[in-house]
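See below for the structure under consideration.
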Amino acid sequence: MNVLELCNIRKSFGSLAVLRGITVTVGKGEVVAVIGPSGSGKSTLLRCATLLETVDSGEINYLGDYVVRTGPDGQAQYSPPADLKRIRRYFGLVFQNFNLFPHYSVIKNVTDPLIHVHKRGKEEAYAQAQALLAKMGLEDKADSYPYQLSGGQQQRVSIVRALAMKPEVLFFDEPTSALDPELTGEVLKVIRSLTDEHMTMVIVTHEMQFAQHVADKVYFMDEGLVVEQGTPDEVFGRPQEERTRRFLERYSPSAP
């Protein structure tokens, strides 16, 4: 069974059609990279998949649990709020801009959702958070505040916070776009280590070389459509669509 299925997703903002019938599947343990020019709908797709935006029509399900289906009237029909609350626990999301609480310490940023959302005991939550921080090389930053950390360290804390919830699939929305080039490598190294642990991930990225090396499957989006999909060898090495070729030719990849 796929961890995530998005079928014929459509989303408009007013008269602007941002997603025009997108279908994406993510298997267990699979790393899926979503690439494409700015404004192609990549981040909107992730926001729809993670319930931060509603869709106009289409279907989304996690492990067979439906978030939304298209009703008889052609419009999106979402599952009841209690079901959506449960389904939200299937996924974690790492944002472009970290989204850490500035007035919380690192350890509190990680433990707060464990205690208040997953109802873990404080001692258990702190032990889990400390273990993950140590794994990410941040054990000495547990009592620091976000403003005391580099951008790369803040993003690693964001990843720890998402991993602590033990999601079935982890989404990354341009995880290095807010970082200086010298800090990009440390975050990409962390994400690469998660692939070794067979973490299911969907990564929207402009790091082409990174996507080519870590992804199992690549979706190239343009103008709200999936123009091309396939393995990294197929999409990067033997693109079939002219739009894909033009994008890859003009794109100067960054070293991971």
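Per our numbering, the very first residue in the sequence shown carries number 13; after that it's consecutive. The C-beta atom is built at its ideal place from N, Cα and C for all residues, glycine as well.
#1: Would you mind listing the beta strand (DSSP E) stretches within the region 69-110 that are 3+ residues and don't spill past its ends, in chain order?
#2: Any idea which residues DSSP pairs Ser24 with across the strands?
#3: Ordered along the chain, which non-local residues of its own chain (more than five positions away) have a Cβ less than 8 angstroms from that of Lys120?
#4: Considering Cα atoms alone, identify which of Phe107, Glu209, Asn14 and Lys97 is closest to Ile171.
#5: Kindly give me the distance between the Cβ atoms of Gln89 and Arg81, rounded to whole angstroms, as I take these residues to be in contact under 8 angstroms.
#6: Hey, how far is the Cα of Ile203 from the Cα of Leu75?
#7: Between Leu105, Gly39, Ser27 and Pro179, which has its C-alpha nearest Asp68's C-alpha?
#8: Can you confirm whether the region 215-235 touches the region 38-47 when touching is taken to mean that 3 or more C-beta pairs between the two stretches lie within less than 8 angstroms?
#9: What three-state label does DSSP hand Val46 in the structure shown?
#10: Counting pairs of Cβ atoms below 8 angstroms between the region 190-198 and the region 156-168, do you hit three or more?
#11: Put Tyr138 into one of helix, strand or coil per three-state DSSP.
#12: Grab me the residues of Gly39's own chain with a C-beta within less than 7 angstroms of its C-beta, minus the 5 sequence neighbours each way, in chain order.
#13: Can you give me the C-alpha to C-alpha distance between Asp85 and Pro244, rounded to a whole angstrom?
#14: Per the DSSP calculation, Gly163 is bridged to which residue(s)?
#15: For Ala29, collect the residues of the same chain with a Cβ closer than 7 angstroms to its Cβ; drop the 5 residues on either side in sequence, then sort them by chain order.
#16: When you compare the region 144-154 with the region 183-192, are there three or more beta-carbon pairs, one atom per stretch, that lie closer than 8 angstroms?
Quick answer:
#1: 69-74, 77-82, 88-90 and 103-106
#2: Ala29
#3: Phe113
#4: When only C-alpha atoms are compared, the closest one is Phe107.
#5: 6 angstroms
#6: Their Cα atoms are separated by approximately 23 angstroms.
#7: Ser27
#8: The answer is yes - the region 215-235 touches the region 38-47, with three or more Cβ pairs under 8 angstroms.
#9: strand
#10: yes
#11: helix
#12: Asn14 and Val15
#13: 38 angstroms
#14: According to DSSP, Gly163 bridges with nothing at all.
#15: Gly236
#16: These segments do not touch.
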